[in-house]
Amino acid sequence: MIEGGKITYTQMILLLFISRVISWIALLPVILAPPANQDVWIDCLMSFPIHLIVALPFYLLAKKFPSQTPYEYSQAITGKAGKLVGILYILFFIHLSALALSQFSEFHTTVVMPETPSLFFIITLTLAAAYAAHYGIEVLGRLSEFIAPIIMIALIGVILLLVKDMDIKELTPILEKGIYPSIFTGLSPVSQTVEIIGMAIIMPFLNDRKKIREVYILTPLLLVLFLFILTFSVIALLGDDLAKSFTYPFFNIVRVVHVGDFLERIESIHVAIWVLGMFIKIAFYYYLIVLGLSQLFHLKDYKPLILPTGSIIISLSNVLGQNVVETREFYSFEIYTWYTLFFILFIPTLLLLTAIFRKKGEQSR
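Using the working numbering, read the sequence shown as starting at 1134 and increasing by one per residue.
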């Protein structure tokens, strides 16, 4: 195996947590998922069992192939076709990295520093992420262990300052259209959690294989908890109609926070934690890409791939940044949900069924 590093299950959970929750802090797309009403905070709770079901194929594959990544066991299961599967996942993460960088630069050029070229933010964050990815999974794990508490404390602290302004009436009527729309909407945050794939890829680097189940259960539990807190707060403060009108709903409620005359401009904290979180997210995706390339093409080291990969991501992100309307349409529930589920659920389910039918697997250590 090219990567010799190991991480603890706590580091893995926090790495996956940061990578996903940081996008929700910025955009909170679940509030736009059908039926897009005041019940969205309940919909978030529904996403936990859905997450466990959707992640189950990758979890079972990790149990059958404990020392292999999906790039490797897809070839062990299907032969040469497995290499195509690996290439699809690499292209998928390149696309997601470019999209995330495009969002990051758009936020900064429209809200924070409008006179700065978007390419500056794209290149700066990519170089920082490349540096972190260069040092491998252990460094990403340690960074996550340091940054995750900062994000959690800052997020909870800001929300506590907003509690006095919340109106519970904005959350009613509860289940106005019944329970079934909430179950369907619960699919939205799960489809956004492409970290399910990331979990499968880095699972062989877990230092205690007995902790696989904890990662499988505790990661979505932590994500759902924070997504619930975010959506509950936004809806209680803005109402669902006003919340849907904002591109960055949580940022807009943070901007109004002030404590007396001595604590204002709390939104700078929001910007800071988003920069930290996006750094981890892009570094993680970056690592998944170069690790996959090195494993697919049997290279001894992934580090020579870092700069060429970065140039591709930067170029694609710059192109996507020039097509903001199309990019936002792509993130709609009707398109993005099914695009990501193809990689999160459809492909691993086929791999799992094929592995069972062909009796493929390896002895657990």
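We put the beta carbon where it would ideally sit given N, CA and C, even for glycine. Just so it is clear, the structure is predicted and the values come from calculations on it, not from any experiment.
Q: Report yes if the C-beta distance between phenylalanine 1237 and leucine 1258 is below 8 Å; otherwise report no.
A: The answer is yes: Cβ separation under 8 Å.
Q: Give me the Cα-Cα distance between leucine 1478 and alanine 1188, rounded to the nearest whole angstrom.
A: 7 Å
Q: Less than 8 Å between the CB atoms is what I'm expecting for valine 1323 and isoleucine 1183, so what's the real figure, rounded?
A: Yes, valine 1323 and isoleucine 1183 are in contact; Cβ-Cβ is about 5 Å, under 8 Å.
Q | serine 1497, DSSP secondary structure in three states | A | Below a pLDDT of 50, predicted positions are generally treated as unreliable, and serine 1497, at 40, falls in that range; the measurement from the model is reported next regardless. The answer is coil: DSSP assigns serine 1497 none of H, G, I, E or B.
Q) Would you report the Cα separation of phenylalanine 1359 and valine 1154, rounded to the nearest angstrom? A) 8 Å
(Q) How far does the alpha helix (DSSP H) with phenylalanine 1240 in it extend, from its first residue to its last? (A) Under the DSSP assignment, phenylalanine 1240 falls in the alpha helix (DSSP H) whose first and last residues are 1214 to 1240.
Q: Check each candidate in Ser1465, Ile1399, Phe1417 and name the one with the smallest Cα separation from threonine 1380.
A: Ser1465
Q) Anyone know if the C-beta pair for methionine 1179 and isoleucine 1316 falls short of 8 Å? A) yes
Q. Is it a yes or a no for the region 1425 to 1444 touching the region 1288 to 1302, going by three-plus beta-carbon pairs under 8 Å?
A. no
**Q.** Limits of the alpha helix (DSSP H) - the one that glutamate 1467 falls within
**A.** 1466 to 1474
Q: Mark glutamate 1248 as exposed unless 16 or more other C-beta atoms lie within 10 angstroms of its C-beta, in which case mark it buried.
A: exposed
Q: Going by CA-CA distance only, name the one from Ile1489, Pro1337, Ser1366 that's closest to tyrosine 1204.
A: Pro1337
Q. Excluding the five sequence neighbours on either side, which residues of its own chain have a C-beta within less than 8 Å of the C-beta of serine 1497, listed in chain order?
A. Unreliable placement is indicated for serine 1497, whose pLDDT of 40 sits below 50; no coordinate value is reported for it.
Q) Where do the N-terminal and C-terminal ends of the alpha helix (DSSP H) with glycine 1331 fall, by residue? A) 1328 to 1335
Q.
At the level of alpha carbons, what is the spacing between isoleucine 1150 and threonine 1352?
A. Here residue 1150 is phenylalanine; the residue named in the question, isoleucine, does not match the sequence. C-alpha separation (whole angstroms): 7 Å.
Q: Tell me whether isoleucine 1183 sits in a helix, a strand or coil according to DSSP, three-state version.
A: helix
Q) Which residue from Thr1141, Phe1490, Trp1174, Ile1350 puts its Cα closest to that of arginine 1275? A) Thr1141
Q.
Using only CA atoms, which one of Leu1486, Glu1467, Gly1410, Leu1148 lies nearest to isoleucine 1270?
A. Leu1148
Q: Could you check how far apart the C-beta atoms of isoleucine 1468 and isoleucine 1227 are, in whole angstroms? I think they sit under 8 Å.
A: Not really, about 18 Å apart at Cβ, beyond 8 Å.
Q.
Using a Cβ-Cβ cutoff of less than 7 Å, which residues in the same chain neighbour glycine 1138 once the five nearest sequence positions on both sides are dropped?
A. Here the set comprises Gly1269, Ile1270, Glu1271, Phe1338.
Q. Roughly how many whole angstroms lie between the Cα atoms of methionine 1145 and tyrosine 1264?
A. Going by the C-alpha atoms only, they are around 19 Å apart.
Q.
Measuring straight from C-alpha to C-alpha, what distance separates leucine 1288 and proline 1282?
A. 10 Å
Q | Exposure of proline 1306, with buried meaning 16 or more beta-carbon neighbours within 10 Å | A | exposed
Q: Verify whether the separation of the beta carbon atoms of leucine 1160 and leucine 1363 is less than 8 Å.
A: no
Q: Indicate whether serine 1277 and isoleucine 1413 have their beta-carbon atoms separated by less than 8 Å.
A: Yes, the pair counts as a contact, with Cβ atoms nearer than the cut-off.
Q: Determine the DSSP secondary structure at leucine 1424, reduced to helix, strand or coil.
A: In the three-state reduction of the DSSP assignment, leucine 1424 falls in the helix class, which pools H, G and I.
Q: Could you pull out every residue in the same chain whose Cβ sits closer than 7 Å to the Cβ of aspartate 1172, ignoring the five residues on either side in sequence?
A: Cβ within range, chain order: Ile1307, Leu1308, Glu1309, Ser1315.
Q) Got a sec? Which residues, its chain only, sit under 6 Å from isoleucine 1402 by beta carbon, not counting five neighbours each side? A) Ala1287
Q: Please name the residue in Glu1239, Tyr1472, Met1246, Thr1211 whose C-alpha comes closest to that of serine 1321.
A: Tyr1472
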